[in-house]
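In what follows, a structure is listed as structure tokens, so that the remarks can point back to it.
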Amino acid sequence: YSRRHLQRLVQQRLGCSMKTIQKIQRINQAVSLLKEQKLTLTAIAQQCGFYDQAHFIHDFREICNVTPQQYQKQLQDYYNESFKF
2 YSRRHLQRLV QQRLGCSMKT IQKIQRINQA VSLLKEQKLT LTAIAQQCGF YDQAHFIHDF
62 REICNVTPQQ YQKQLQDYYN ESFKF
């Protein structure tokens, strides 16, 4: 099969492009790294294959509807509330 044919098959079956699938995979990897809270956003962007931090933040917001910083804050708030007695 040609590359274009495979792209059309993916689009038909999954309802999104290969580029979107790749973006989602990168964001999933970034979410895992954000949970650890050990790396800077720039380091996470580089490790996940984004061109730069700005592209990472843009794509993260596009997929998750929040910025990476907002996501980390939500995680912190959740864990802080969950463990209160």
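Using my numbering, read the sequence shown as starting at 2 and increasing by one per residue. Idealized CB from N, CA, C, for every residue including glycine.
- If you compare the alpha carbons of ILE28, ARG27 and LEU7 with that of SER18, the shortest gap goes to LEU7.
- DSSP, read as helix, strand or coil, puts ASP60 in helix.
- The residue from ARG9, LEU10, GLY16 and ILE28 with its alpha-carbon nearest to that of ILE64 is ILE28.
- ALA46 sits buried, since 16 or more C-beta atoms from the chains shown fall within 10 Å of its C-beta.
- Judged by DSSP in its simplified three-state form, SER33 adopts helix.
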